[in-house]
Amino acid sequence: MAEEFIYSKLVRPLLFRLDPELAHRLTLGLLALARPQEARPDPPELGVTLWNRRFANPIGLAAGMDKDARAAWAWQALGFGFAELGTVTPRPQPGNPRPRLWRLPEHQALVNRLGFPSAGMERVGRRIRLLRRAGIGLRLGINIGPNLERTGEESLAEDLLELIAALGPLADFVVINLSSPNTPGLRAWQAPKRMRALAEKIAAPGKPGGDGPPLAVKISPDLDPESLREVVRAARELKLDGLVVANTSAQRETLGVSFPAPGGLSGAPLRRLTPSLVAQVFRLSEGALPIIGVGGVASGQDAYDYIRAGARLVELYTALVYQGPTLVRRIKAELAALLRRDGFASVADAVGGGAS
Ligand SMILES: Cc1cc2nc3c(=O)[nH]c(=O)nc-3n(C[C@H](O)[C@H](O)[C@H](O)COP(=O)(O)O)c2cc1C
2 MAEEFIYSKL VRPLLFRLDP ELAHRLTLGL LALARPQEAR PDPPELGVTL
52 WNRRFANPIG LAAGMDKDAR AAWAWQALGF GFAELGTVTP RPQPGNPRPR
102 LWRLPEHQAL VNRLGFPSAG MERVGRRIRL LRRAGIGLRL GINIGPNLER
152 TGEESLAEDL LELIAALGPL ADFVVINLSS PNTPGLRAWQ APKRMRALAE
202 KIAAPGKPGG DGPPLAVKIS PDLDPESLRE VVRAARELKL DGLVVANTSA
252 QRETLGVSFP APGGLSGAPL RRLTPSLVAQ VFRLSEGALP IIGVGGVASG
302 QDAYDYIRAG ARLVELYTAL VYQGPTLVRR IKAELAALLR RDGFASVADA
352 VGGGAS
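Using this note's numbering, you'd call the opening residue of the sequence shown number 2 and step up by one each time.
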């Protein structure tokens, strides 16, 4: 395909000559110029209904690519069924000092330790309100997290409450990010006891099953099996609306990668880790907890594997950097063909259907 050729032979080599963060800013700046246009209709068998909302297809943009909600029209034009914007913090903050983003092309991977650079909830909220007013069809999840040094019990709960109050009404679903490896102290909140304490504090406006938006928690792929079991139990007791499985990994050698700097590893190496976590969460929750699968998705087969393992929706980030703007359309065509091959009338019929 011409576009694919142009991206791999021309655009990517140019972008990859630039510092990774500069390339990201440049790309996002260009994508932000995209104007509203009709999304191409997806075949009905790719539609998914979750949380009383219809997603035109199950492929979403993962959090971190568009932290400040700058390019939603472009995500719609590229064919995504939804985009998870953020992580958004209450107040604007710059994130960690640079360098803080690296490419590992031999692994089709990235390492980042951005540390939640964010324009803050007011600006992001204003942008999303404009998108809503203009009638964007794309489903919008909003991923939220605390400002730096706000991971103590009181301050974390305060930050999350503020974020849910400000952004919840604008979101199709909200994801609480408890799994970034780049905000000191954050991942400790995945411990069920602490997760419970937190849930009690934020129960009022964002209450799972209450008036607020559907509320999911994004977990780390580095949880050991016992912790994972406990997290799933806690998520069910707390009546969370879902889990996003999973964030970037702090592992290296176990995933066949040697890279010295600390930070979160994303991309192809996560395929060794995350699909089996999705399968475990699906089994442990007896299919009752909606799962968004994310980590290393780069093809229709990968998306299908996540769905068969138990994911209702699938997201990607790193593969878009390596494969460019035609990726989502290709994944959807491949996924539709795989569903047809195996006799599934819809994505929902394939969820949790075992290995393909
Ligand atoms: C540069 C970069 C920044 C990210 N920032 C965030 C973030 O702000 N919040 C979040 O929940 N996940 C963030 N992620 C994690 C992704 O959402 C996703 O969980 C992870 O990259 C695995 O998916 P992938 O292999 O398709 O990239 C980030 C990932 C990358 C590569």
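Cβ atoms here follow ideal geometry from the backbone N, Cα and C, with glycine treated the same way. Source: prediction; values computed, not measured.
Proximal residues to residue i (C-beta, below 7 Å), its chain only, five neighbours per side dropped
{"i": "residue 345", "result": "351"}
{"i": "residue 35", "result": "72, 74, 75 and 78"}
{"i": "residue 151", "result": "157 and 160"}
{"i": "residue 258", "result": "105, 108, 110, 266 and 270"}
Any non-hydrogen atom of ligand 1 within 8 Å of residue i CB
{"i": "residue 97", "result": "no"}
{"i": "residue 88", "result": "yes"}
{"i": "residue 122", "result": "no"}
{"i": "residue 286", "result": "no"}
{"i": "residue 66", "result": "yes"}
{"i": "residue 28", "result": "no"}
{"i": "residue 174", "result": "no"}
{"i": "residue 117", "result": "yes"}
{"i": "residue 247", "result": "yes"}
{"i": "residue 307", "result": "no"}
{"i": "residue 152", "result": "no"}
Own chain, CB closer than 6 Å to residue i, minus 5 neighbours either side, in chain order
{"i": "residue 231", "result": "193"}
{"i": "residue 69", "result": "120 and 125"}
{"i": "residue 56", "result": "49, 82, 83 and 140"}
{"i": "residue 109", "result": "268, 269 and 323"}
{"i": "residue 249", "result": "265, 266 and 267"}
DSSP-derived helix/strand/coil call for residue i
{"i": "residue 165", "result": "helix"}
{"i": "residue 327", "result": "coil"}
{"i": "residue 34", "result": "coil"}
{"i": "residue 110", "result": "strand"}
{"i": "residue 137", "result": "coil"}
{"i": "residue 228", "result": "helix"}
{"i": "residue 131", "result": "helix"}
{"i": "residue 359", "result": "With the chain running from 2 to 357 in the structure shown, residue 359 is simply not present."}
{"i": "residue 252", "result": "coil"}
{"i": "residue 301", "result": "helix"}
Proximal residues to residue i (C-beta, below 8 Å), its chain only, five neighbours per side dropped
{"i": "residue 22", "result": "99, 100, 101 and 102"}
{"i": "residue 285", "result": "229, 230, 233 and 234"}
Inset, instruction - Flag this pair as touching only if the region 156-164 and the region 252-271 have three or more C-beta atom pairs under 8 Å; answer yes or no. - result: no
Legend entry - Contact between the region 314-327 and the region 86-98 (3+ Cβ pairs under 8 Å): no
Legend entry - Contact between the region 129-139 and the region 92-111 (3+ Cβ pairs under 8 Å): no
Legend entry - Stretch pair the region 280-295 + the region 335-349: three plus CB contacts closer than 8 Å: no
Legend entry - Three or more C-beta pairs below 8 Å linking the region 214-226 and the region 271-279: yes
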